[in-house]
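**Q** Numbering (the numbering used here), first residue to last: 13 to 654.
As structure tokens, then:
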């Protein structure tokens with residue numbers, strides 16, 4: 013028979029008072045066989061270490077005792093009825109971890125949580141990129157943080173996400189176990205002796221009352237709802253307190269106060285450009301959309317590549333469509349790179365080693381004070397001996413994975429400060445400019461408009477359109493498309509002789525602004541030789557008086573005077589202008605920025621190659637002819653004619 017929540021609660025109450033299974037079942041209104049079934053379903057976790065996974069099963073001989081303890085649990089305890097230790101735990105995260113998990117927090121962990129708490133209390137939707145060196149206990153820290161948020165507010169809605177559904181479920185189960193644990197955790201004896209952890213003093217349910225609802229259907233591996241305080245309403249009507257979601261599964265929707273995406277990047281797939289592009293699209297369209305207007309989203313993990321998802325989100329800009337108190341749109345100020353007030357994501361990162369705090373052996377010992385007093389983030393988990401081995405064997409891995417730094421700026425084709433500007437550089441981004449628009453101080457009459465394309469038979473194409481301002485020698489990006497394409501998507505012709513495709517679309521757009529594209533610069537490989545020989549391309553170019561300049565990328569690619577590295581100069585001097593208005597413009601520009609910053613150790617270089625082809629061939633690009641005719645007559649003769 014199906015039991016109601018009230019029957020189950022009554023049965024557990026009678027069992028806790030010492031009645032037999034038969035008597036408890038009879039008093040609760042069902043048979044002894046149903047009582048036996050309930051007893052079999054009572055599976056109590058075996059808890060044995062604060063830092064190791066727990067197993068579950070029917071516990072003998074302590075299972076019945078723990079079931080009785082659980083049955084005696086009161087409902088949610090109001091704030092004014094909490095014991096002093098529980099009230100302190102709600103206000104002090106460090107004490108919360110110590111009391112209920114026996115964990116001793118590192119300073120960096122408390123710094124990170126303090127930043128997250130402050131962002132949770134703003135009246136805006138906040139986005140955070142949180143990165144740290146591997147092996148520092150980040151996932152455990154975030155699991156404890158979610159437990160703390162639930163204790164502080166049982167109505168909170170949290171999403172915990174990961175690369176796969178099993179990984180997300182694992183994160184959810186850690187929180188679930190902390191909310192149903194009946195006996196305090198015992199620390200590992202060796203680590204307790206070393207002063208690295210403690211025995212927990214209590215459990216969360218003992219101090220705050222029951223969290224696990226009586227209806228087991230509301231408490232499963234994909235989502236659970238905690239028991240609410242009186243006056244909140246029926247628990248069945250509430251949205252899930254904590255939901256697990258793997259990015260590899262179909263998501264049905266929902267909005268959350270706190271969204272956490274942990275370890276989304278797969279080490280096996282990070283080198284695949286299609287994987288990275290697909291992940292970026294899913295993340296921006298699905299993952300970011302789950303957070304409430306005043307909520308907080310965290311992307312947490314470690315850096316695995318210079319052009320990984322963390323780098324992608326750090327380069328995203330805020331919407332420029334912000335209004336002041338008068339209802340007028342404000343133009344965002346262009347600020348130094350380290351300001352990040354114009355950027356969508358706030359960055360919280362912790363390096364494994366801080367050179368500026370290093371004092372040699374004094375700060376390298378395992379008992380040395382951790383950051384920010386010492387130079388090591390965690391002298392015990394990440395001792396200097398281990399870090400030095402990574403430094404010597406793989407400097408690039410140490411810089412990226414352990415220090416959260418991109419490539420050496422001195423070896424970069426383009427530095428970030430050149431792109432975004434600082435006190436010594438003009439910068440290259442126009443935050444208030446969209447696609448097919450010029451900066452306000454530039455006239456089309458001084459420009460030549462051209463397009464350049466770096467194709468691929470099987471991978472990504474990069475097609476860019478520029479207005480080249482000759483007086484200032486500035487390349488002004490008008491549009492940029494980067495995607496997988498087939499040749500007919502570039503240009504095609506139907507039976508009626510009508511043309512379609514990107515080249516035709518851009519021709520029309522450029523004519524609408526009054527300055528048509530005069531030249532296409534195309535890489536001369538096998539696909540482009542086909543493009544040059546096809547009659548439809550030849551007929552289209554002749555019809556619209558458009559030049560096509562073939563370019564062999566292998567000829568001067570590495571030449572110091574003519575190769576790709578000549579692009580550094582125009583970026584450093586601010587002679588590249590990129591549209592960065594929120595939406596399509598910023599997306600088009602970011603694809604180019606991502607590649608020039610990580611060249612030549614990035615995963616792809618098609619955007620860099622397309623830009624270099626345009627820059628290299630700028631002298632070969634035809635200028636539009638001035639067809640205006642001025643008669644060779646004195647001005648007084650012309651005036652007399654009128």
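In this text, a Cβ means the ideal position worked out from N, Cα and C, and glycines have one as well.
It should be emphasised that the depicted structure is a prediction, and the values quoted were computed from it without experimental measurement.
Roughly how many angstroms lie between the CA atoms of residue 632 and residue 293, to the nearest whole one?
**A** In the chain shown, counting from the first residue as 1, residue 632 sits at position 620. In the chain shown, counting from the first residue as 1, residue 293 sits at position 281. If you take the alpha carbons of residue 632 and residue 293, they lie about 37 Å apart.
**Q** In the DSSP assignment, the alpha helix (DSSP H) including residue 305 goes from what residue to what residue?
**A** To locate residue 305, count along the chain shown from 1; it is residue 293. Run containing residue 305: none in the alpha helix (DSSP H); it sits in the beta strand (DSSP E), 303–313.
**Q** For the alpha helix (DSSP H) holding residue 627, just list the boundary residues, first then last.
**A** Translated into the one-based positions of the chain shown, residue 627 becomes position 615. Here the alpha helix (DSSP H) through residue 627 covers 618–628.
**Q** Considering only DSSP beta bridges, list what residue 496 is partnered with.
**A** Stepping through the chain shown from its first residue, residue 496 is reached at position 484. Residue 496 pairs with 472.
**Q** Note the first and the last residue of the continuous beta strand (DSSP E) segment covering residue 562.
**A** Counted from its first residue, the chain shown places residue 562 at position 550. 559–563 is the extent of the beta strand (DSSP E) around residue 562.
**Q** Locate the beta strand (DSSP E) running through residue 295, then write down its first and last residues.
**A** Position 283 of the chain shown, counted from the start, is the residue given in the question as residue 295. Premise fails: residue 295 is in no beta strand (DSSP E) and is neither H nor E.
**Q** Excluding the five sequence neighbours on either side, which residues of its own chain have a C-beta within less than 6 Å of the C-beta of residue 446, listed in chain order?
**A** Here the question's residue 446 lines up with position 434 in the chain shown. 591, 593, 597, listed in sequence order.
**Q** Using DSSP bridges, identify the partner residues of residue 355.
**A** The residue you call residue 355 lines up with position 343 of the chain shown. Beta-bridge pairing links residue 355 to 329.
**Q** Less than 8 Å between the CB atoms is what I'm expecting for residue 180 and residue 107, so what's the real figure, rounded?
**A** Locating residue 180 in the chain shown gives position 168, counting from the first residue. Locating residue 107 in the chain shown gives position 95, counting from the first residue. With 8 Å as the limit, residue 180 and residue 107 do not qualify as a contact, their Cβ atoms being about 29 Å apart.
**Q** How is the beta strand (DSSP E) around residue 532 delimited, first residue to last?
**A** Residue mapping note: residue 532 aligns to position 520 of the chain shown, counting from 1. Residue 532 -> beta strand (DSSP E) spans 531–535.
**Q** At what residues does the alpha helix (DSSP H) containing residue 122 begin and finish?
**A** The count along the chain shown starts at 1 and reaches residue 122 at position 110. Where residue 122 is concerned, the enclosing alpha helix (DSSP H) stretches over 119–132.
**Q** Anyone know if the C-beta pair for residue 140 and residue 360 falls short of 8 Å?
**A** What you label residue 140 is simply residue 128 of the chain shown in a count that begins at 1. What you label residue 360 is simply residue 348 of the chain shown in a count that begins at 1. In this structure, residue 360 lies closer than 8 Å to residue 140 by Cβ.
**Q** In terms of residue numbering, what span does the alpha helix (DSSP H) encompassing residue 216 cover?
**A** The residue you call residue 216 lines up with position 204 of the chain shown. Residues 216–220.
**Q** Using 8 Å as the limit for Cβ to Cβ distance, is residue 529 near chain C?
**A** Of the protein chains in the structure, only one exists, and it is not chain C.
**Q** Measuring alpha carbon to alpha carbon, tell me which residue in 314, 379, 484 is nearest residue 414.
**A** Working through the chain shown from its first residue, we reach residue 414 at position 402. When only C-alpha atoms are compared, the closest one is 314.
**Q** Using alpha carbons as the reference points, say which of 449, 439, 204, 483 lies closest to residue 585.
**A** Walking along the chain shown from the start, residue 585 turns up at place 573. That would be 439, whose Cα lies nearest to the Cα of residue 585.
**Q** I need the straight-line Cα distance from residue 607 to residue 474, nearest angstrom please.
**A** Here residue 607 is taken as the residue at index 595 of the chain shown, counted from 1. Here residue 474 is taken as the residue at index 462 of the chain shown, counted from 1. Going by the C-alpha atoms only, they are around 11 Å apart.
**Q** What would DSSP say about residue 258, mapped onto helix, strand or coil?
**A** Indexing the chain shown from 1 puts residue 258 at position 246. Three-state DSSP puts residue 258 in a strand.
**Q** Helix, strand or coil for residue 346, going by three-state DSSP, please let me know.
**A** Indexing the chain shown from 1 puts residue 346 at position 334. Note that residue 346 has pLDDT 47, beneath the 50 cutoff, so the model's placement of it is unreliable and no number is given.
**Q** Alpha carbon to alpha carbon, how far is residue 168 from residue 390? Give it in angstroms, no decimals.
**A** Within the chain shown, residue 390 is the residue found at index 378, counting from 1. Within the chain shown, residue 168 is the residue found at index 156, counting from 1. Distance between the alpha carbons of residue 390 and residue 168: 32 Å.
**Q** Consult DSSP for residue 738 and reduce its assignment to one of helix, strand or coil.
**A** Any property of residue 738 remains undetermined from this structure, which presents the chain solely from 13 to 654.
**Q** Three-state secondary structure (DSSP) at residue 431?
**A** As a working note, residue 431 is residue 419 in the chain shown. Of the three classes helix, strand and coil, the one that applies to residue 431 here is helix, per DSSP.
**Q** Rank 521, 561, 117 by C-alpha distance to the C-alpha of residue 535 and give the top, closest one.
**A** Numbered from its first residue, the chain shown carries residue 535 at position 523. Answer by Cα proximity: 561.
**Q** Are residue 86 and residue 222 close, meaning C-beta to C-beta below 8 Å?
**A** Translated into positions along the chain shown, residue 86 becomes position 74. Translated into positions along the chain shown, residue 222 becomes position 210. Cβ distance < 8 Å, so residue 86 and residue 222 count as in contact.
**Q** May I ask which residues mark the beginning and end of the alpha helix (DSSP H) holding residue 551?
**A** What you label residue 551 is simply residue 539 of the chain shown in a count that begins at 1. Run containing residue 551: 547–556, per the alpha helix (DSSP H) assignment.
**Q** How far does the beta strand (DSSP E) with residue 226 in it extend, from its first residue to its last?
**A** Mapped onto the chain shown, residue 226 falls at position 214. Run containing residue 226: none; DSSP gives neither H nor E here.
**Q** Check this for me: beta carbons of residue 117 and residue 111, under 8 Å apart or not?
**A** Here residue 117 is taken as the residue at index 105 of the chain shown, counted from 1. Here residue 111 is taken as the residue at index 99 of the chain shown, counted from 1. No, the Cβ-Cβ distance between residue 117 and residue 111 is not below 8 Å.
**Q** Does the beta-carbon of residue 67 have 16 or more other beta-carbons within 10 angstroms, so that it is buried, or is it exposed?
**A** Reading the chain shown from its first residue, position 55 is the one you call residue 67. Low confidence applies to residue 67: its pLDDT is 37, below 50, so where it sits in the model is not reliable, and the reading given next is rough at best. Result: exposed.
**Q** Within the continuous alpha helix (DSSP H) that includes residue 527, where are the two ends?
**A** Sequence index remark: in the chain shown, residue 527 carries index 515 (1-based). Taken as a continuous stretch (DSSP letters only), residue 527 belongs to no alpha helix (DSSP H), as it is neither H nor E.
**Q** Between residue 316 and residue 279, is the Cβ-Cβ spacing less than 8 Å?
**A** Numbered from its first residue, the chain shown carries residue 316 at position 304. Numbered from its first residue, the chain shown carries residue 279 at position 267. Result yes, Cβ atoms of residue 316 and residue 279 sit closer than 8 Å.
**Q** Helix, strand or coil for residue 455 per DSSP?
**A** As a position in the chain shown, residue 455 is number 443, starting the count at 1. In this structure, residue 455 counts as coil in the three-state DSSP scheme.
**Q** Near residue 362, which residues of its chain fall below 6 Å by C-beta distance, leaving aside the five closest residues on each side in sequence?
**A** As a working mapping, residue 362 is identified with position 350 in the chain shown. 120, 144, 389, listed in sequence order.
**Q** Cβ atoms of residue 191 and residue 164: under 8 Å apart, would you say?
**A** By 1-based counting over the chain shown, the position of residue 164 is 152. By 1-based counting over the chain shown, the position of residue 191 is 179. Their beta carbons are not under 8 Å apart, which means residue 164 does not touch residue 191 by this criterion.
**Q** Does the segment 401–409 come close enough to the segment 545–564 that 3 or more CB-CB pairs lie under 8 Å?
**A** The segment 545–564 is not in contact with the segment 401–409.
**Q** Rounded to the nearest angstrom, what separates residue 487 and residue 113 at their Cα positions?
**A** For the purposes of this step, residue 487 is identified with residue 475 of the chain shown, where counting begins at 1. For the purposes of this step, residue 113 is identified with residue 101 of the chain shown, where counting begins at 1. Distance between the alpha carbons of residue 487 and residue 113 is about 58 Å.
**Q** When you compare only the Cα positions, how much space is there between residue 217 and residue 171?
**A** Looking up residue 217 in the chain shown gives position 205. Looking up residue 171 in the chain shown gives position 159. Straight-line Cα distance between these residues: approximately 22 Å.
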